[in-house]
Amino acid sequence: MKPISWLLLGQIFWSFFKIGPVTFGGGYAMIPLIEREVVEKRKWVKNKDIADIFAISESIPGAIAINSASFVGFRIAGIPGALAAMTGVLLPTFLIVIALCILFLQVQHHPKIVAAFQGIRATTVALIVYAGIKIGKTAVLDKTTLMIVMGTVIAMLFGHMNPILIIVAGALLGIGLVVLKNRLGMKVPLDDEEHTEEAGAPRYKYTDYYVGDGI
Numbered sequence: 027m028k029p030i031s032w033l034l035l036g037q038i039f040w041s042f043f044k045i046g047p048v049t050f051g052g053g054y055a056m057i058p059l060i061e062r063e064v065v066e067k068r069k070w071v072k073n074k075d076i077a078d079i080f081a082i083s084e085s086i087p088g089a090i091a092i093n094s095a096s097f098v099g100f101r102i103a104g105i106p107g108a109l110a111a112m113t114g115v116l117l118p119t120f121l122i123v124i125a126l127c128i129l130f131l132q133v134q135h136h137p138k139i140v141a142a143f144q145g146i147r148a149t150t151v152a153l154i155v156y157a158g159i160k161i162g163k164t165a166v167l168d169k170t171t172l173m174i175v176m177g178t179v180i181a182m183l184f185g186h187m188n189p190i191l192i193i194v195a196g197a198l199l200g201i202g203l204v205v206l207k208n209r210l211g212m213k214v215p216l217d218d219e220e221h222t223e224e225a226g227a228p229r230y231k232y233t234d235y236y237v238g239d240g241i
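This note's numbering applies: residue 27 is where the sequence shown begins, and numbers increase by one.
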C-alpha cells in the first residue's frame, strides 16, 4: 500500500477547514462547497460519485457535513484522510460557536441582532434549496427517478413518514426497478454523464451564488 503523505493530509484538512466558517445552515448548506472543492478544484472525487457519497452520508446517523467529510477523506487517504477531513470541518465551527455563545449571551436581545438572524434564517433556506437542486441534477436521471423524487416529497409532506423508512424504501425500490428494467431489456442509466455527453450539452458549472465560492 502506498504511504500517505503528510502534504496530502494537510491539503485535506485545509480544504475542509476553509469550508466550515463560510457556510451557514449546517451540513446541507456545505454540500455545494464540498462538491466544488473535492470535485472541481482538487479532483479527488469524480462528479458521478459525489451524489452517492452524500446519499450514504445522509442515510446513516450523524450530521451530514461530518459524515460526508469523513467519507470523502477516507476515499482519498483512508482512515488518516477521514480524520483529517473530520477535524478540518469540525475545528473552525467549534471555535466559532464557543466564541459566539459567549458574545450572544451579552447581545441576544438587541434589535439589530434579532433583525440580523431573521435575514440569516432566510438565506439558510435558500442555501438548502440550492443544495437540493444540485443533488437533483445528478440523482434525477429519467422519468422513473423523477417519479421516485415526487413520490418521496409527497410522502414526507403529507404522510409524515419516518426518514429511515423512506431511505430503505427508496433503496429497495431502486433495486427492484433496475432488476425489472433489465429483465424487460430496457436501458438503465446509472449516472448522468452518459446522457450529458450524448445530448452534447455542457456539464453544469458553478457560479458565484453562494458564500465562499472560489475559496
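Backbone N, C-alpha and C define an ideal beta-carbon position, used for all residues, glycine too.
{"Item": "Just to confirm my understanding: we take residue 108, look at its own chain, exclude 5 residues before and 5 after, and list those with CB closer than 7 Å. What are they?", "Value": "96, 99 and 100"}
{"Item": "For residue 30 and residue 103, I'd like the C-alpha separation in whole angstroms.", "Value": "7 Å"}
{"Item": "Decide if residue 56 is buried, meaning its Cβ has at least 16 other Cβ atoms within 10 Å, or exposed.", "Value": "buried"}
{"Item": "Taking contact to mean at least 3 C-beta pairs separated by less than 8 Å, is the region 70-85 in contact with the region 167-187?", "Value": "no"}
{"Item": "Assign residue 110 to one of three DSSP states: helix, strand, or coil.", "Value": "helix"}
{"Item": "Give the straight-line distance between the Cα atoms of residue 174 and residue 125, rounded to the nearest whole angstrom.", "Value": "43 Å"}
{"Item": "With distances taken between CB atoms, is the gap from residue 115 to residue 152 smaller than 8 Å?", "Value": "no"}
{"Item": "Helix, strand or coil for residue 244, going by three-state DSSP, please let me know.", "Value": "Residue 244 is absent from the structure shown; the chain starts at 27 and stops at 241."}
{"Item": "Please state whether the Cβ-Cβ distance between residue 45 and residue 59 is less than 8 Å.", "Value": "yes"}
{"Item": "Helix, strand or coil: how does DSSP classify residue 87 here?", "Value": "coil"}
{"Item": "Taking the alpha helix (DSSP H) that residue 188 belongs to, which residues open and close that run?", "Value": "Unbroken run through residue 188: none, as it is neither H nor E."}
{"Item": "Where residue 186 and residue 113 are concerned, what is the direct C-alpha to C-alpha distance, given to the nearest angstrom?", "Value": "35 Å"}
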